[in-house]
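Visitor:
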Amino acid sequence: MNGIVMTMKNTIYPLLGAAALVVSCWPAPAATPATNDLQQLISEVSTYHSGQSLESLRQLEATVRAALHDPALRASVEAGLVELLSPEASYEARSFAAKQLAFIGSEKALPAMGELLKDPQTVGLACLALTTYPPGKADSLLRQALANARGAARVQILNTLGDRRDARSTRLFKKAAADADPAVFEAGAAALGKLGTRRAWSTLEPLRRKARGAANQTLLEAMLVCADRLAASDPKSAVRAYTSLMAPHEPRFARQAALAAWLRLEPDAAGKRISAILAGSDRDLKPVAIAAVATLPSPQASTQFGGAFGTLEDAEKVWLIESLATRADAGAKAAIAGQLAATNLDVRIAAIGALGDIGGADTVAILGRRLSETQEADELKAIENALIAMGGGRETDQAVQAFFPSVSGASRALLLSVLARRQGSGANAVLLQEMRSAEAAVSRAAFRALARTGTEQEVPALLAALEAQLASPVRLEAETATAQVLTRLTDRAAACGKVREALEKAKASEVQSSLLGLLPVCGDSASLDLAKKAAANPDPAIRDAAVRALSEWPNLEAWDPLFAAYRDSTEPALRVALLRGLVRLAAEEHAKPAVADRYRALTDQAKGDGELKLILGSLGGAGHPETLQLALAFLSREGVRAEAEVAVRKIAEAIKPKHPEAARDALAKLPPKT
Amino acid sequence: MSTPNTSLWKGAPGIISPTRVARRRFLQSVAAVTVPLIVPGSVLGLNGATSPANRIRFGVFGVGNRARAILPNFLSFKELLFVAVSDCRADRLESGKKLIDDHYGNSACSAYADFREMLARKDIDAVLIATGNRWHGLGSIYAARAGKDIYCEKPVTLTIGEGRKLVETCRQFGTVYQAGTQRRCTASYRFARDMVRQGRIGRVHTVEMQVWAGKGLEHEAEVPPPAGWNYDFWLGQAPWHPYVPVRAKNWQYFWDTAEGILSDMGCHYTDQMQWVLGTDDTGPVEFEAKGEFPDPVKFCNDTPLTAEARCKYASGVTAVMYQRGEFKERYLRFIGDEGWIQVDDETDAVTAEPKSILSFRGTGGAGWGDASDHVRDLVRCIRSRKQPACHPEVAHRAMTICQAWNISLRLGRKLKWDPVQERFDVPEANRMLYREPRAPWRA
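Structure (structure tokens):
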């Protein structure tokens, strides 16, 4: 039995004398006080009330800690604490002392505790301390006090004796359990329950037969506790007790608790009982019986109960699947796999999830076959998740890969997603193969997966894929995948070299367009040169791709060609894309006053309020007198006044510390804030 | 000075009327519940597919701030029906009832100043316990004895002994119990766990955790309790103390009524640590904690302001919890010999080294503020009678770590712990395993 709480009897009496390192964690002085100082401390603590300084209490606590390793000091400290238990001390002082004595007190403190037990105001303090005492004199003290205690005090002492499982108090508990005071009756009954003896049980049972209402419930509680205690010391009696508590007239929770306990106590007979319950109609007990299948010791249990699905309702089948999954043996897996054919979707999904938890390489094919048999979205998702989560490491990865030839279309695409999420070794080789699939769904899935798993090693193959003839949705996935792989590389120089090589060799317009789209990820001068060159290409598609690449450029090197393209472009959508890129680049220089020149150049080229709004929206982030002037100029333009006001306000607030006059003048031009 | 009114609990005005599991078995029981199956739910009677007669009827014990924060997670489940609230403060009782009534658009919710009356109702199947800490363990024990299933906020107990009693009581009464350590059902933490268990940071050797620094509370004198506040009930099992406003409003900072921030919040992270390390049925074997405490001249609270608490498992894994910094600086980090992974508790962000670990993360999943998955786990288990993810043994073992640290802090000692016998090597520490409740309350 566990060694704490319920075995207060076995509390180890404090050992004195062992020297040990004491770590002081208080800011108060660590040096132990001399006798006079200790007396002074006691005197100060004795008058403590809330609201006063706690210094003397903390000092006394520190002294108590130091006393743990100093027998002489311990004796003095304990004597001082005992003094604090006297009625002359404040209640809070007595409470403090009792809490300290709870872990340092010896038999010397018992007389004073006995006095506390006589007073209903302090009986709780005494019991708080006495609970931690070893069996023997503390129990005698409590029993003696019980004789004269009434009401709440009586209840407190009964509770404490009950927690201490004092067998010598059995007669007293029995008497209390017949008391007219409901609180005393409850305490007595509970204490009997905690004793957990046959004698206690035989007291409680007849009492309960006669009791009604709340009293009956109280006795039932005590009997459940008693039976649990009996299980450790007298299992046969406990089994009889639990059998009686499973009777149909008992409350559901009690029947369920009794069955669970009975099954734990009778593992050899448990299987038979569970079978009877599963075949029967007792709905209250079925869940408990099904739950217990998980821990049945018999190696045949999985097979035996795997055959019970036919008698169960759908919810019960799900529970049985969970229980079998806990067993996780071959019989369980087979039984669960059988439920993949269940008519109920939730049961099938439960089976799939369970196989994901307990399966391995040998389970892949089972779930793989189910892929082709179902169209249910939830079920497909469950299979995907199960295969991703499935243990078995490399073997399972290989089993997934080996299953590929068996499936096509959406199923194959799903398996590719699984491979990507598992990130097993060999996955990328399969993905590179599958990205060339004639089935668009499969090809796209492979690229999506490679976006996640691809490394520098896969870049040449991805570039080669872009060079092939690809349908437009597939090409988009291929571009995205390649871009994401490049983005993940910490050193892109070599990979970007390959991108440029491919671009220079490419003939087809769509291939060049795809490769141009990768150049911003590279962002270096050589790539910029290629983009600039392509921006002058006679093929409009290539020119368009180049310009868009420039608009996504990550650094200011692209400003000039981008600006030139913006200046010269007449197509509205393209102008906006270019302008967004320029504004993004300008923002890189917001800390420099010279950025005003860039914004001025943009506003000079802007065609229409739409473009001006885009510029003003970013201008507000550049806090300089020069940009303020630029923003002010647009306050008079009706179509962009609102945006200009926002920009002026933001810039003025930003420059106020260094340019208060300019800021004030600018703000004065704005309508007041509402 | 007011002294305990020993008759208060007996119908004063204002009150409406008054079991070691074998390791294989444990692992099997835990394995059954750690990964909720993906089941849409109609077969289990979830999400609207439940007839009114089959709805699980809930009461709420404690309708303060935490209850208000978490109730929406419960109320979103159509298969649950909240029928009663209980609180010892009249203002909270009234507002709690209103919250439930407003949700259902009626006035059917019952209100009880004495939670025992609520527990006595045979039509209530389960309770949500969101009281102050001193009522978490004991309230759960009362609810279990009344045959109710339970969701109880953390920290689940005040002492190690209370925790063991909680485990025993739930076993004795067949209770389905879920502790409110909902991060086990949170995507970010599950991901961190999966990455550690898949060995992606190598062998874990250190766990780091952080909770925030406490504050000093200035001394105040006792005053009468506010009107409409049953203070005796409010105190519950705690040793009697006169009503002092600063103590009542900041109960987390006093040993009598709570256990300080190290436990209050730290239990979330010790729970995660236990889960990830696979030690839910055991725990560390060494504890040492040091702290800075409030200046007793100026301040009245007795739990630490800052602390550094360490422990060590038999496997050699060590852990440290820092109590320092701001509230938003909480984190949990697993450090292995090939990297580390960290969850920032404020933002739910996951960082790791090597960064490539993060590429395994799927999308979606709620943050810890949404406890729906945790509640769903409980609801499933109420029907199946299996144990949810944070069942009593799990919760107790996680709490034990924090409570052992507190004992080390208070004794100023390094402690060795036997997780099988649940005993320390220091006698005085063993005498701090349990605190006898103040009558009439009993564990």
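Protein sequences, first through last, are from chains A and D. Residue 407 is where the first sequence starts when you use the working numbering, and the numbers rise one by one after that. Residue 28 is where the second sequence starts when you use the working numbering, and the numbers rise one by one after that. All C-beta atoms in this analysis are idealised placements derived from N, C-alpha and C, irrespective of residue type, glycine included.
#1: Closest to A/A518 by CA distance: which of A/L548, A/E910 and A/P541 is it?
#2: Using DSSP with H/G/I as helix, E/B as strand and the rest coil, what is D/C338?
#3: Strictly below 7 Å CB to CB, what residues from chain D border A/L630?
#4: Assess, as a yes-or-no matter, whether the segment 1022-1037 of chain A is touched by the segment 986-997 of chain A under the definition of 3 or more beta carbon pairs within less than 8 Å.
#5: Report buried or exposed for A/A743, applying the criterion of at least 16 other Cβ atoms within 10 angstroms of its Cβ.
#6: Note down, in chain order, each residue of its chain lying with its Cβ closer than 6 Å to the Cβ of D/D298, except the 5 sequence neighbours on either side.
#7: Where does the unbroken alpha helix (DSSP H) through A/D966 begin, and where does it stop?
#8: Give me the chain A residues within the contact set of D/E455, using Cβ-Cβ distance strictly less than 8 Å, ordered along the chain.
#9: Quick one: grab the DSSP three-state call for A/S849.
#10: Looking at the C-beta of D/K181, does it have a partner C-beta in chain A at a distance below 8 Å?
#11: Report the neighbours of A/P657 on chain D: residues whose CB is nearer than 9 Å to its CB, in chain order.
#12: So that I know if they touch, is there some Cβ in chain A lying closer than 8 Å to that of D/W267?
#13: At least one CB of chain D closer than 8 Å to the CB of A/G423: is that the case?
#14: Tell me which residue opens and which closes the alpha helix (DSSP H) that A/D803 is part of.
#15: Measure the CB-CB distance between D/W432 and D/E356 and report whether it falls below 8 Å.
#16: May I ask you to list the residues that DSSP assigns as paired with D/V87?
#17: In chain order, what residues of the same chain lie with their CB nearer than 7 Å to the CB of D/I97, ignoring the 5 residues before and after it?
#18: Under 8 Å, Cβ to Cβ, is there at least one residue of chain A near D/F101?
#19: If you draw a straight line from the C-alpha of A/R574 to the C-alpha of A/L601, how long is it?
#20: What are the uninterrupted segments assigned as alpha helix (DSSP H) that are 4 or more residues long and contained completely in the segment 988-1071 of chain A, given in chain order?
#21: Which residues in the same chain have their Cβ closer than 6 Å to the Cβ of A/Q918, if we skip the five residues on either side of it in sequence?
#22: In three-state terms, what does DSSP make of A/E494?
#23: Could you round the C-beta distance between A/L1076 and A/R1055 to whole angstroms and report it? I think they count as a contact, below 8 Å.
#24: Is it the case that the Cβ atoms of D/V194 and D/E373 are separated by a distance below 8 Å?
#25: A/T976 to A/K938, Cα distance in whole Å?
#26: With DSSP as the reference, label A/D443 as helix, strand or coil.
#27: With 8 Å as the threshold, decide whether the Cβ of A/D569 is near any Cβ in chain D.
#28: Counting only C-beta atoms, is D/S386 closer than 8 Å to chain A at any point?
#29: My output table needs one value for D/D452: the three-state DSSP class, helix, strand or coil.
#30: So is A/Q745 in contact with chain C if we call contact Cβ pairs under 8 Å?
#31: Expressed to the nearest angstrom, what Euclidean distance is found between the alpha-carbon atoms of A/R689 and D/Y204?
#32: When you compare the CB positions of A/L507 and A/A495, do they come within less than 8 Å of one another, or not?
#33: Starting from D/Q350, trace the beta strand (DSSP E) in both directions and tell me its first and last residue.
#34: To the nearest whole angstrom, what separates the beta carbons of A/L534 and D/E189, a pair I think is in contact under 8 Å?
#35: Please name the residue, chosen from D/G287, D/D221, D/E235 and D/V231, that lies closest to D/N241 on a Cα-to-Cα basis.
#36: Check whether the segment 225-232 of chain D touches the segment 273-285 of chain D, counting contact only when three or more Cβ pairs, one atom from each stretch, lie closer than 8 Å.
Guide: Answer, in terms of the structure:
#1: A/L548
#2: strand
#3: Q199 and F200
#4: yes
#5: buried
#6: T208 and A425
#7: W965 to D974
#8: P420, L474, F509 and I510
#9: helix
#10: no
#11: K149 and G174
#12: yes
#13: Bear in mind that a pLDDT of 36 at A/G423, under 50, signals an unreliable position, so the model cannot answer this.
#14: G799 to F809
#15: no
#16: D/V112 and D/L155
#17: A157 and A398
#18: no
#19: 10 Å
#20: 1001-1011, 1015-1025, 1031-1038 and 1047-1061
#21: A912 and I948
#22: coil
#23: 6 Å
#24: no
#25: 18 Å
#26: helix
#27: yes
#28: yes
#29: coil
#30: The structure shown contains no chain C; its protein chains are A and D.
#31: 21 Å
#32: no
#33: T345 to Q350
#34: Going by Cβ atoms, the distance from A/L534 to D/E189 rounds to 13 Å, so no, they are not a contact pair.
#35: It should be noted that the sequence gives Gly, not Asn, for residue 241 of chain D. Comparing Cα-Cα distances from D/G241 to each of D/G287, D/D221, D/E235 and D/V231, the minimum goes to D/G287.
#36: no
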